[in-house]
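A.B. asks: Here it is, the structure, as structure tokens.
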DNA sequence: CGTGTAAGGAATTCTGACACG
DNA sequence: CGTGTAAGGAATTCTGACACG
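Residue numbers (full-length UniProt numbering), protein chains in the order written: chain Y, 1 to 108; chain X, 1 to 108.
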């Protein structure tokens, strides 16, 4: 990924109306998740919220968890552990490795 | 580049006010370049213009050319020849190959 | 707890036009 | 030709609150 492509994902340039269209969430929900510290938009000079594509992805992930009955408090807890998808993937692989080799270690 | 990263560059989600901040161009200028067929934003249901990061880059390129005294008509002509940077790069490489091997071919 | 809604204000965007040149 | 500006309307966004639960 080039520097430009990286900034495309993290640069906060999308207004709440478009984020609402993109995620299917109401503006009320999006603002509430911010209040609960699950998402952190920038503000334009005047005060309008601005989101990145990364924020949009986070919101879609939040939406899925809410559907499963997870509460905002719990989602925030998880966010602290897994700041991003990459880390999640790595930890999942690590988990598999532990499950596979952890037992063998007993025979060491 | 993943599919997601690709869409980050081409997905039209940025409003004209933010494009103005990003490019340093006035909204008047941005709308005028559209009128001159140099840029093609999408429209929201209500009619608001929406731009992609790719559009923002194109606009910055246009800004540079305007500074050099190039007119919108001429810029449009160039755009037809080089639809995007990738194609430009490929054609430049091809040009080098021709310059290097085109002559040798005479000895074949 | 999570989300809908009505409320009023402030900022945004849109179009067509006049201006200068 | 390229861009600034004033004009009026329509849609957007913001906050704090009441509601249900």
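Every residue gets a Cβ at the ideal spot worked out from N, C-alpha and C, and that includes glycine.
Fair warning: this is a prediction, and the values are worked out from it, not measured in the lab.
Report, in whole angstroms, the separation of the C-beta atoms of residue 14 of chain X and residue 50 of chain X, which I expect to be a contact under 8 Å.
C.D. replies: 7 Å
A.B. asks: Please determine if the stretch 19 to 32 of chain Y and the stretch 66 to 84 of chain X are in contact, where contact requires at least 3 C-beta pairs separated by less than 8 Å.
C.D. replies: no
A.B. asks: Closest Cβ-Cβ distance between residue 24 of chain X and chain Y: below 9 Å?
C.D. replies: By this cut-off, residue 24 of chain X is not an interface position.
A.B. asks: Could you name the residues of chain Y that residue 58 of chain X contacts, counting a contact when the two beta carbons are closer than 8 Å?
C.D. replies: Those within 8 Å of residue 58 of chain X in chain Y number zero; the least Cβ separation is about 13 Å.
A.B. asks: Would residue 69 of chain X pass as an interface residue toward chain Y - the criterion being a Cβ-Cβ separation below 9 Å?
C.D. replies: no
A.B. asks: Buried or exposed, going by whether 16 or more other CB atoms sit within 10 Å of the CB of residue 10 of chain X?
C.D. replies: exposed
A.B. asks: Applying the 10 Å Cβ sphere with the 16-neighbour rule, what's the burial state of residue 106 of chain X?
C.D. replies: Summary for residue 106 of chain X: the model assigns pLDDT 40, below 50, so the residue's position carries little reliability, and this model does not support an answer.
A.B. asks: Looking at the C-beta of residue 14 of chain Y, does it have a partner C-beta in chain X at a distance below 9 Å?
C.D. replies: Using a Cβ-Cβ cut-off of 9 Å, residue 14 of chain Y counts as an interface residue toward chain X, since at least one Cβ of chain X sits closer than that to its own.
A.B. asks: Could you tell me whether any non-hydrogen atom of the ligand ADP is closer than 8 Å to the CB of residue 75 of chain X?
C.D. replies: Ligands displayed in this structure: none; no statement on the ligand ADP is therefore possible.
A.B. asks: Pick helix, strand or coil for residue 48 of chain Y, following the three-state DSSP scheme.
C.D. replies: coil
A.B. asks: Thinking residue 38 of chain X and residue 76 of chain X are a contact (beta carbons under 8 Å), I'd like their distance in whole angstroms, please.
C.D. replies: Their Cβ separation, rounded to whole angstroms, is 6 Å, which keeps residue 38 of chain X and residue 76 of chain X in contact under 8 Å.
A.B. asks: Let me confirm a value: residue 55 of chain Y is counted as buried when at least 16 other C-beta atoms fall within 10 Å, else exposed. Which label applies?
C.D. replies: Counting the other CB atoms within 10 Å of its CB gives residue 55 of chain Y a total of 16 or more, which places it among the buried residues.
A.B. asks: Find the residues of chain Y that neighbour residue 53 of chain X, judging by a C-beta separation of less than 7 Å, and give them in chain order.
C.D. replies: 8
A.B. asks: Kindly indicate the opening and closing residues of the alpha helix (DSSP H) around residue 53 of chain Y.
C.D. replies: Boundaries of the alpha helix (DSSP H) around residue 53 of chain Y: 53 to 67.
A.B. asks: Would you verify that the beta carbon of residue 18 of chain Y is, or is not, closer than 9 Å to some beta carbon of chain X?
C.D. replies: yes
A.B. asks: With 9 Å set as the bound, which would you pick, yes or no: does the beta-carbon of residue 50 of chain Y sit closer than that to a beta-carbon of chain X?
C.D. replies: Chain X, which has a Cβ nearer than 9 Å to the Cβ of residue 50 of chain Y, makes this yes.
A.B. asks: Does DSSP classify residue 39 of chain Y as helix, strand or coil?
C.D. replies: coil
A.B. asks: Going by CA-CA distance only, name the one from Y/7, Y/47, Y/2, Y/78 that's closest to residue 22 of chain X.
C.D. replies: Y/7
A.B. asks: Within 10 angstroms of the Cβ of residue 53 of chain X, are there 16 or more other Cβ atoms? Answer buried if so, exposed if not.
C.D. replies: Buried, by the Cβ-count rule.
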